[in-house]
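In our numbering, the protein residues as written are 635 to 890. Written below as structure tokens is the structure these notes are about.
In structure tokens form, the structure reads like this:
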């Protein structure tokens with residue numbers, strides 16, 4: 635009986651020591667996720683596997699839970715972040731998506747606050763679809779941004795994007811209206827796609843390739859004033875005299 639009690643005591647002491655050692659070792663990581671269930675396609679094939687957060691370079695998250703979202707900021711080598719939900723009208727809190735290493739994001743969801751994207755200061759590419767995004771002021775601090783694709787259910791206001799002067803490719807699609815007045819501040823646009831009703835069309839000053847779809851009641855004569863215009867692709871009802879004048883200027887025109 636004495637030996638049995640002694641054994642129990644020793645086992646209890648050993649267990650306590652092990653627990654204390656584990657606490658000591660893991661204390662720096664308490665509250666910090668170490669592993670993430672990751673989906674990526676870095677080799678061209680979609681893979682699903684567990685990775686340590688520090689080894690994640692690309693992650694695809696569908697209908698994220700709070701754990702998956704909380705992992706993102708600890709992925710120190712993350713470069714590509716894709717997050718989508720279904721239905722798309724579900725809200726995602728973008729404060730969980732902040733990671734200063736990320737260079738490209740693709741989002742398909744609604745959010746009450748998109749301004750946290752300004753904290754991802756190394757972003758070069760943004761794609762936001764099936765969204766309620768409405769104002770580029772939420773990305774106005776991203777000086778490294780080169781490509782922007784916005785597809786929204788809301789009116790879209792392009793403003794305060796002077797710091798986005800590295801933008802080269804822009805696609806703006808809205809079910810409502812698109813105020814493009816802020817584009818006058820950008821001088822390096824090579825490709826511009828607009829799908830929807832346009833406000834302040836005359837503020838587009840410089841672009842090489844312009845695509846216009848679903849645009850009505852705009853002053854098409856302004857097309858003759860756009861610097862560097864080389865190609866126009868459109869389904870808009872542009873007067874024949876404008877089309878001919880563009881051709882005289884050497885602008886390739888494609889009517890769809």
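Cβ atoms here follow ideal geometry from the backbone N, Cα and C, with glycine treated the same way.
Mapping the DSSP letters down to three states, classify residue i as helix, strand or coil.
i	result
residue 741	strand
residue 811	strand
residue 799	coil
residue 769	strand
residue 686	strand
residue 764	strand
If you compare alpha carbons, which of the options is closest to residue i?
i	options	result
residue 743	846, 762, 733	762
residue 831	852, 752, 816	852
residue 849	872, 861, 858, 864	872
residue 696	711, 879, 861, 741	741
residue 690	729, 817, 716	716
residue 824	729, 799, 816	799
residue 778	770, 797, 792, 723	797
residue 711	890, 808, 686	686
residue 788	803, 767, 771, 772	767
residue 870	817, 644, 889, 692	889
residue 858	881, 868, 867, 847	881
Which residues does DSSP list as the beta-bridge partners of residue i?
i	result
residue 831	811
residue 889	868
residue 759	738, 781
residue 696	718
residue 806	784, 828
residue 850	Note: residue 850 sits in no beta bridge, so no partner.
residue 840	861
residue 725	744
residue 790	812
Just how far apart, CA to CA, sit residue i and residue j?
i	j	result
residue 780	residue 757	8 Å
residue 765	residue 785	7 Å
residue 834	residue 814	6 Å
residue 897	residue 865	Because the chain here runs from 635 to 890, residue 897 falls outside it and cannot be looked at.
residue 791	residue 782	14 Å
residue 877	residue 837	20 Å
Just to check, is the beta-carbon of residue i closer than 8 Å to a non-hydrogen atom of the ligand MG?
i	result
residue 793	As far as ligands go, the structure on display features none, and thus does not contain the ligand MG.
Less than 8 Å between the CB atoms is what I'm expecting for residue i and residue j, so what's the real figure, rounded?
i	j	result
residue 726	residue 750	Contact flag wrong, Cβ pair sits at about 11 Å.
residue 806	residue 812	5 Å
residue 746	residue 774	At roughly 18 Å, the Cβ-Cβ gap does not stay under 8 Å, so residue 746 and residue 774 are not in contact.
residue 845	residue 828	7 Å
residue 713	residue 729	20 Å between Cβ atoms; not a contact.
Consider the Cβ of residue i: report whether some Cβ of chain B lies at a distance smaller than 9 Å.
i	result
residue 788	Among the chains of the structure shown, chain B does not appear; only one protein chain is present.
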